[in-house]
Amino acid sequence: MLLAIRTVNRILVDERDPARLLPRICTTLTETGGYHHAWIALCDDNGRPVVLAAAGPGDPGLLLNERFSRDSLPTCARRSLESPSCRSTQEPASACGDCPLASRAAAWQR
Numbered sequence: 004m005l006l007a008i009r010t011v012n013r014i015l016v017d018e019r020d021p022a023r024l025l026p027r028i029c030t031t032l033t034e035t036g037g038y039h040h041a042w043i044a045l046c047d048d049n050g051r052p053v054v055l056a057a058a059g060p061g062d063p064g065l066l067l068n069e070r071f072s073r074d075s076l077p078t079c080a081r082r083s084l085e086s087p088s089c090r091s092t093q094e095p096a097s098a099c100g101d102c103p104l105a106s107r108a109a110a111w112q113r
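Heads up: the sequence shown begins at 4 in this note's numbering, then just goes up one per residue.
This is the structure we're talking about:
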């Protein structure tokens, strides 16, 4: 996790364009931070996505971005948007039944 934090800090210093910044952060979190998937949404003041980025096996961004565009976000994503801080779901298999990634969660916890 410390390597991920250090790498993300370097990315924040080097990259100013959110369209390149957020995918790099997601990739770093999945490659060095111990996360199976990472998904970041940068939203405007009305909660509409300006930049969406994701990383992890099976193209999680495609699944979540489609739900975002239909305004049918899974519970974990809705909770994240309600909070100004970063959120992590510790038990996705039980907490995220309506998430398209939930069916894969049991395998990650082994």
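Cβ atoms here follow ideal geometry from the backbone N, Cα and C, with glycine treated the same way. It should be emphasised that the depicted structure is a prediction, and the values quoted were computed from it without experimental measurement.
For Thr60, count neighbouring Cβ atoms within 10 angstroms of its own Cβ and tell me buried if that reaches 16, exposed if not. In the sequence on display, residue 60 carries Pro and not Thr. The residue is exposed, with fewer than 16 neighbouring Cβ atoms inside 10 Å.
With a Cβ-Cβ cutoff of 7 Å, do Ala56 and Leu25 count as a contact? yes
According to DSSP, is Cys99 part of a helix, a strand, or is it coil? coil
Let me know the secondary structure DSSP gives Pro21 once reduced to three states. helix
For Ala80 versus Ala58, is the C-beta distance shorter than 7 Å? no
Answer with buried or exposed for Cys89, where buried requires no fewer than 16 other C-beta atoms within 10 angstroms of its C-beta. exposed
Assign Pro77 to buried or exposed, taking buried as 16 or more other Cβ atoms, counted over all protein chains shown, within 10 Å of its Cβ. buried
Can you list, in chain order, the residues of its chain with a C-beta nearer than 7 Å to that of Gly37? Leave out the 5 residues immediately preceding and following it. Met4
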